[in-house]
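The sequence shown begins at 135 in the numbering used here and counts up by one.
Built from N, CA and C at the ideal position, the CB exists for glycine as well.
Okay, so here's the structure we're looking at.
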Amino acid sequence: MQYLSIKTQELVSIKQAVINGLAGDGSLYMPENIPPLPPSFFRDIQNKTLPEIGFEVAKQFVGNTIPPKVLEDMLEEVLNFDIPVSLIRDSIYSLELFHGPTLAFKDIGARFMARLMSYYAEGQPMKVIVATSGDTGSAVAAGFYKVPGIQVYILYPKGKISPLQEKQLTIWGHNIKALEIEGTFDDCQALAKQLLADRELRKYHLTSANSINISRLIPQSFYYFWAYAQLKKNHKKIVFSVPSGNFGNLTAGLFAYKMGLPVERFIASTNINNIVPKYLSTGEYKPRASKSTLSNAMDVGNPSNFERMKALFDGNLDQFKALMSGYYFTDEQTQAAIHNVHKEFGYILDPHGAVAYLGLCAYLKDSGRNLNGVILETAHPAKFIETVEKSISARLVIPARLSEFKQKEKIVHLFPVDFRQIKDFVKTS
Ligand SMILES: *Cc1c(COP(=O)(O)O)cnc(C)c1O
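Shown next, in the form of structure tokens:
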């Protein structure tokens, strides 16, 4: 499979797409076409393990650039934790994507990406740049920690992420550098883009670990198949509600759909940073500055993967609407959902999962149909302990691998929103 840059349609190999991150023309890479998986794959999908599903799906994306045995081992390593499909209530399931090392779904993308990148880099030194509103940074740090030859620079907005999130991305040292930026997430994202586009920095082999990198999205399509495999026995059509910020997760779902996964509909669930739900209802795409919310990993004012979704739908609003619905919710609604779901069904949502839950319920109510609904539960509730404990009026049990982060010292480099200073740091460290 070849990959093309969205703007100028330049064709590159998967290796180039992964190494470059962002295309030379400043746009993102897309698979040239997404071939469907054979019917035989779906026929006995319910009997396959998660790494087996991952292998079949990944093969479509990487072709013969990686020997089957190497790819198989990679997937065994990446997917070495459970992704349970838990029943919340009648016909509504939670796809629990938070059982990895940093307790967020981004572990899956970051772990696969680190392995793919180090395989394709063939020993050449690289610098990985990542802007984060919370969970990306820690997942990327954990995924790349001590990977030889790869330096990682994490840009995060000062004071805009939870103390625990900050710990999770600043305690690493070694090849991981945490840059605390006196600005918003959008500033961080803009600075990262600028670093990646800088000609002078090219000789340092910079690349991005944000969901602009196609290798983050590939493994995120696996678990849509996995969820389908677990629910196939119900013989009901499936709706996925995806709590979205940069829309990498949802785009990966669309890849799965293009590969033949039977999906009735995708719900784009957001907080008040509602650019995509607004686009779906008005046809106008109006990026704007992000606003801070309780589901802060989705505080994005200009979702980077929108251009990928647009490419998939040929920029056609009707095509978008045929497969996607959008809903958005306030912090008050989010807290009420966490409260109610805990009280009525004994299930504890994190703020992002709660937004997905609200989106799913809104759609099921609007459509009035009998479907299986799956929310993507993207973070462990203990990662957002203040919000969750306040909402459920009870204490949470904190998993050991989360509390371990608290004991360690943070190592940070503070910067104003100043491209020159940051560029110098990346050059010299
Ligand atoms: C990153 C993140 C999201 C948003 O995912 P996108 O792929 O950027 O849409 C949702 N929830 C959590 C917990 C996240 O960390």
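Taken through DSSP and simplified to helix, strand or coil, residue 157 comes out as coil. Closer than 7 angstroms to some heavy atom of ligand 1: that does not describe the Cβ of residue 425.
For residue 269 and residue 541, the gap between their C-alpha atoms comes out near 19 angstroms. Using a cutoff of 7 angstroms, the CB of residue 381 counts as near ligand 1, since one of the ligand's heavy atoms is closer than that.
Shortest gap from the CB of residue 240 to any heavy atom of ligand 1: under 7 angstroms. Excluding its 5 nearest sequence neighbours in each direction, residue 533 has C-beta neighbours in its own chain below 8 angstroms: 237, 514, 516, listed in chain order.
Annotation for residue 492 indicates a beta carbon at 7 angstroms or more from all heavy atoms of ligand 1. Take the alpha-carbon of residue 488 and the one of residue 472: they are about 6 angstroms apart.
Per DSSP, the unbroken alpha helix (DSSP H) holding residue 555 starts and ends at 553-562.
For ligand 1, no non-hydrogen atom lies closer than 7 angstroms to the CB of residue 342. For residue 452, the distance from the CB to the nearest heavy atom of ligand 1 is not below 7 angstroms. For residue 341, DSSP records a beta bridge to 262.
Here DSSP, grouped into helix, strand and coil, assigns residue 293 to coil. Closest option to residue 158, judged by alpha-carbon separation, among 415, 323, 336, 497: 336. Residue 319 places its beta carbon 8 angstroms or farther from that of residue 353. If one requires a minimum length of 3 residues, the beta strand (DSSP E) runs lying completely within the region 369-426 are 372-377, 399-404, in chain order. When only Cα atoms are considered, residue 387 and residue 326 end up about 25 angstroms apart. Every alpha helix (DSSP H) stretch that sits fully inside the region 179-219 and reaches 4 residues is listed by chain position as 184-196, 202-212. Placement of the Cβ of residue 443 at a distance of 7 angstroms or more from every heavy atom of ligand 1 is found.
Nearest C-alpha to residue 432 among 173, 485, 315: 485. DSSP places residue 513 in the strand class (E or B) of the three-state scheme. Using a cutoff of 7 angstroms, the CB of residue 432 counts as near ligand 1, since one of the ligand's heavy atoms is closer than that.
In this structure, ligand 1 has a non-hydrogen atom nearer than 7 angstroms to the beta-carbon of residue 486. Within the region 237-284, the complete beta strand (DSSP E) segments of 3 residues or longer fall at 260-265, listed in chain order. In this structure, DSSP gives residue 362 a helical state, which the three-state scheme calls helix. Only exposed fits residue 553, as fewer than 16 other CB atoms lie within 10 angstroms of its CB.
Set against 7 angstroms, the gap from the CB of residue 268 to the closest heavy atom of ligand 1 is smaller. Listed as beta-bridge partners of residue 164 by DSSP are 138. For residue 244, the shortest C-beta to heavy atom distance toward ligand 1 is 7 angstroms or greater. Beta bridge pairing from DSSP links residue 314 with 290, 548. Separation of residue 456 and residue 167 (C-alpha to C-alpha, rounded to the nearest whole angstrom) is 20 angstroms. Closer than 7 angstroms to some heavy atom of ligand 1: that describes the Cβ of residue 384. Ranking 448, 434, 240 by CA distance to the CA of residue 275 puts 240 first.
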